[in-house]
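A.B. asks:
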Amino acid sequence: MAASLVVMIVMYFLKVIYLKDIDNEAKKMAASFKADNPVNASDLDYSGFQIMQSLAAIKSSFQMLQAREERLRRTYEISGDAGRCNNKPTDGWRLNGPYLYYFSTETKNWFDAKKYCSDNNSNLLSIKSKEEQFFLAYARGNNNYWIGLTNDKPGGIWYFTDGSEYKDPLFWAPYQPDNWKAPDGRTEHCAEMSKGGTWNDILCSIHSRWICKKHCMAK
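So the sequence shown is residues -19 to -1, 1 to 200, counted in mature numbering (1 follows the signal peptide of the UniProt record, and there is no 0).
1. Measuring straight from C-alpha to C-alpha, what distance separates Q114 and R121?
2. On the DSSP letters alone, give me the boundaries of the alpha helix (DSSP H) that D182 sits inside.
3. Starting from the C-beta of T142, find all residues in its chain whose C-beta is less than 7 Å away, skip the five residues before and the five after it, and write them out in chain order.
4. Rounded to a whole number of angstroms, what is the C-alpha to C-alpha distance between K194 and I32?
5. Check the C-beta distance from M174 over to N125 and give it rounded, since I have them as a contact under 8 Å.
6. According to DSSP, simplified to helix, strand and coil, what is I108?
7. Closest to F84 by C-alpha separation, out of F92, T179, D182 and A118, would be which residue?
8. If you draw a straight line from the C-alpha of N90 to the C-alpha of D72, how long is it?
9. Helix, strand or coil: how does DSSP classify E173 here?
10. Determine the DSSP secondary structure at I39, reduced to helix, strand or coil.
11. Near P135, which residues of its chain fall below 8 Å by C-beta distance, leaving aside the five closest residues on each side in sequence?
12. When the Cα atoms are used, what is the spatial distance from W139 to I39?
13. Since Y82 and H196 should fall inside the 8 Å C-beta cutoff, what is the C-beta to C-beta distance between them, to a whole number of angstroms?
14. Along the chain, where does the alpha helix (DSSP H) that runs through W91 open and close?
15. Confirm, please, whether the CB-CB distance from T88 to H188 is below 8 Å.
16. Roughly how far, in whole angstroms, is the beta-carbon of residue 266 from the beta-carbon of D182, given that I think they are within contact range, below 8 Å?
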């Protein structure tokens, strides 16, 4: 299993533990406010104190989780498994499994983003597995990115521009693609990775960041 995937799985379980802590604290607070319990001013004062303590504990747990996640993220970004490639990650490229990924910091329309990738010996992003999608959904942060998915050919069939097979698992957001039509008649023929890492169809003329992808040249 790739190091990056291990890191993200660990982060996931840390978050599960954190959510369980919240659930336990919520159950404790709910139990203290059962309808059959007599309530008076002193009880309310004490319950308020308990709530403040519980919130403080939750905040502390969350801060600890953030610190652990940051340490894991730094470990991942520093190591990057780069020793397995002749073409080591440089200038914004990151390694995951057998591929290198370029996460842009500027924006372009979909066609110019595709050309940028082609000019840099790569392709606009295709996604082939749940593991790859999981890595990208985490690595994207809070930004939206163009991916190499379009339905610009007659018939409206979606396809990856690098020739990768378009098949399950697919990661469209609920009710997407919807092929929304703009007032000027344009329709959504290009795909982006958006909220939560899910896919969304959007007008190709929109300016967005993009992700290029190319094979790692193994030593």
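For each residue, glycine too, the CB sits at the ideal point set by N, CA and C.
C.D. replies: By the coordinates alone:
1. The residue labelled residue 114 in the question sits at position 133 within the sequence shown. The residue labelled residue 121 in the question sits at position 140 within the sequence shown. Distance between the alpha carbons of Q114 and R121 is about 10 Å.
2. For the purposes of this step, residue 182 is taken as residue 201 along the sequence shown, with counting starting at 1. Counting along the chain, D182 falls outside any alpha helix (DSSP H), though it belongs to the beta strand (DSSP E) covering W180 to I183.
3. Within the sequence shown, the letter at position 161 stands for residue 142. Only K95, N104, L105, G129 and T131 meet the Cβ criterion.
4. Here residue 194 is taken as the residue at index 213 of the sequence shown, counted from 1. Here residue 32 is taken as the residue at index 51 of the sequence shown, counted from 1. The straight-line gap from Cα to Cα measures roughly 49 Å.
5. What you label residue 174 is simply residue 193 of the sequence shown in a count that begins at 1. What you label residue 125 is simply residue 144 of the sequence shown in a count that begins at 1. Taking the Cβ atoms as the reference, M174 lies roughly 7 Å from N125, within the contact range of under 8 Å.
6. Here residue 108 corresponds to residue number 127 of the sequence shown, with the count starting at 1. Coil, per DSSP.
7. Walking along the sequence shown from the start, residue 84 turns up at place 103. Scanning F92, T179, D182 and A118 for the CA closest to the CA of F84 turns up A118.
8. Here residue 90 corresponds to residue number 109 of the sequence shown, with the count starting at 1. Here residue 72 corresponds to residue number 91 of the sequence shown, with the count starting at 1. Rounded to whole angstroms, N90 to D72 spans 21 Å at the Cα level.
9. One-based indexing of the sequence shown puts residue 173 at position 192. Three-state result, E173: strand.
10. For the purposes of this step, residue 39 is taken as the residue at position 58 of the sequence shown. In the displayed model, I39 falls within a helix according to three-state DSSP.
11. As a working note, residue 135 is residue 154 in the sequence shown. Nothing listed; no residue qualifies.
12. Indexing the sequence shown from 1 puts residue 139 at position 158. Indexing the sequence shown from 1 puts residue 39 at position 58. Rounded to the nearest angstrom, the two C-alpha atoms are 45 Å apart.
13. Position 101 of the sequence shown holds residue 82. Position 215 of the sequence shown holds residue 196. Between Y82 and H196, the beta carbon gap of about 11 Å keeps them out of contact (Cβ cut-off 8 Å).
14. Within the sequence shown, residue 91 is the residue found at index 110, counting from 1. Where W91 is concerned, the enclosing alpha helix (DSSP H) stretches over W91 to D100.
15. Within the sequence shown, the letter at position 207 stands for residue 188. Within the sequence shown, the letter at position 107 stands for residue 88. Yes; because the gap between Cβ atoms is below 8 Å, this pair is in contact.
16. Because residue 266 is not part of the residues shown, which for the chain are -19 to 200, the question remains open.
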